[in-house]
Amino acid sequence: MADFSQYGTPSEEWRKVSNLVPAPHPGLSFIERREHSNRTREQLSADEMKIWEPLVQRKDHTIPTRDQSTIEARSYRPANADTTGKPPVLLYLHGGGFFSGTIATEDATCSRLAVHNNAIVLNVCYRHTPEHTYPTAWDDTHDAFEWLHDHIVDLGGDYQRVLVGGISSGAYLAASFVLEKHLGRRCVSRPAIAGQILMVPCLLNTSCHGPILKKFKDPAVCSLQQLCNAPTLPMSTFQMITKMLQIPDPKEEDLRLNPGYVSASRAEGLPPTVIVTAGMDILRDEGLLYAKTLTEASVPTDVHVVPGLPHAFAAIPGLSEGKQRWNKILDGAIVWALSKPTAKENFSIQAE
87 MADFSQYGTP SEEWRKVSNL VPAPHPGLSF IERREHSNRT REQLSADEMK IWEPLVQRKD
147 HTIPTRDQST IEARSYRPAN ADTTGKPPVL LYLHGGGFFS GTIATEDATC SRLAVHNNAI
207 VLNVCYRHTP EHTYPTAWDD THDAFEWLHD HIVDLGGDYQ RVLVGGISSG AYLAASFVLE
267 KHLGRRCVSR PAIAGQILMV PCLLNTSCHG PILKKFKDPA VCSLQQLCNA PTLPMSTFQM
327 ITKMLQIPDP KEEDLRLNPG YVSASRAEGL PPTVIVTAGM DILRDEGLLY AKTLTEASVP
387 TDVHVVPGLP HAFAAIPGLS EGKQRWNKIL DGAIVWALSK PTAKENFSIQ AE
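First residue of the sequence shown? That's 87 in our numbering, and the numbers climb one at a time after it.
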């Protein structure tokens, strides 16, 4: 029976800054909270871009969607890239609980990924709740993947080395799409996905937590209960985020909603996978148990946990050590996934 609760003890670094993290203003409307979050994240990214600006080339794109609308995207490539070769391409999906995030909030992260992995990164701004409910973000991911392959020559990338990844809700979309394609439900005519990068992923719908709780010796040690009041993403916020998706009657067996419940037999053949979880994150155990399933399916996995830090810790000022650990993983994620890694015989976690 599983028990990863030892990673949930607050770290010394978190104890030092936890009282400095501002709580959401109770007087703000939901839309105002989203605008405030986007402004804050855009400013943090802009500050980091002072380093990355001269190192990357950026280009904006417009992607048509199946409902005759469009979504924004931006590509990044190293400024000194070898123009004679075709680098890998990462389809990147931002975090933000399906309701926040912009192209600009991800500039620094995508630039870093491009430079350190010598890759092209396509940053896709899928549509958000409450204006756009389920399955819009999932469909936007599918449409963006099709567009990427249709424009791979213009992007200058290698169509056989396309990866999909994201952070938090973006990682949820990534895992869902990669699994659906693997199972022959999406983009069947396109080449196999070369890897997936899942950072602090959500992998289960909040109405479908019954089966995961049964995998623990005591449900109380599962992160869903152990950390139900955790900072940055308590269960109350998690449930509100899910409610805004307006998913009708979610089912545990629906793998588009619950990629974390895929069986080892059906997961066989998935691409090399990087999974990063935060020890003090309500989503921790979804990510770790998914990684365990992939290991049992002989899928090459690179599994990390950063103990004692909450969800989205890399975006919290003052957590310099945690940010360095996060960046270290990002800096080599694509390179590792494309290095033809071998599967591990036993499930293992790297505690950063």
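Where a beta carbon is used, it is the ideal one built from N, C-alpha and C, also for glycine.
Based on the DSSP output, what are the partners of residue i in its beta bridges?
i	result
K145	S161
D388	V360
M285	I253 and V362
A167	Partner(s): none; A167 has no beta bridge.
T156	P150
N209	R160 and Y178
V107	Answer is none; V107 lacks a bridge partner.
Q325	Looking at the DSSP assignment, Q325 forms no beta bridge with any residue, so it has no partner.
A437	V391
F302	A88
From residue i to residue j, what does the alpha carbon distance come to, in whole angstroms?
i	j	result
M135	E192	10 angstroms
L313	C288	14 angstroms
S434	I149	39 angstroms
W412	A400	7 angstroms
S254	M87	26 angstroms
M326	L343	16 angstroms
D417	A132	19 angstroms
R352	L269	8 angstroms
E354	T381	9 angstroms
P396	S384	30 angstroms
Y212	T292	21 angstroms
Y258	Y178	12 angstroms
F116	T219	15 angstroms
L310	K414	27 angstroms
K145	T323	34 angstroms
G408	I368	17 angstroms
E266	V307	31 angstroms
S262	Q410	28 angstroms
Y167	L130	Contrary to the premise, residue 167 reads as Ala rather than Tyr in this sequence. If I take the Cα positions, the gap works out to 26 angstroms.
P221	E232	17 angstroms
C273	I420	22 angstroms
K430	R125	42 angstroms
Measure how close the beta-carbons of residue i and residue j come, nearest whole angstrom, since I'm counting them as under 8 angstroms.
i	j	result
P386	P345	So it is not a contact: roughly 17 angstroms between Cβ atoms.
I94	M366	A quick correction: the sequence has Gly, not Ile, at residue 94. Their Cβ separation, rounded to whole angstroms, is 5 angstroms, which keeps G94 and M366 in contact under 8 angstroms.
V142	S197	5 angstroms
V248	A205	10 angstroms between Cβ atoms; not a contact.
G256	H180	5 angstroms
D226	I157	6 angstroms
Apart from the five residues on each side of it in sequence, which residues of its chain come closer than 7 angstroms, Cβ to Cβ, to residue i?
i	result
V239	none
K102	none
K378	F433
T215	F184, F185, M330 and L331
A404	The sequence shown places Gly at residue 404, not Ala. The residues are V103 and L106.
A364	V286, R370, V392, L395, P396, H397 and F399
S406	none
Between residue i and the rest of its own chain, which residues show a CB-CB distance below 6 angstroms, the 5 nearest in sequence each way excluded?
i	result
A398	T318
R127	T191
E372	L289, L290 and G346
Q436	H390
K301	A88
L299	P305 and C308
V362	M285, H390 and I415
Q92	none
A316	M366, I368 and P396
Using C-beta distances below 8 angstroms, list every residue in its chain close to residue i, excluding the 5 sequence neighbours before and after it, in chain order.
i	result
V201	W138, L141, V142 and P164
P297	E338 and Y347
Buried or exposed: which applies to residue i, given that a residue is buried once 16 or more other Cβ atoms fall within 10 Å of its Cβ?
i	result
E98	exposed
N105	exposed
A280	buried
G113	exposed
D236	exposed
P358	buried
P277	exposed
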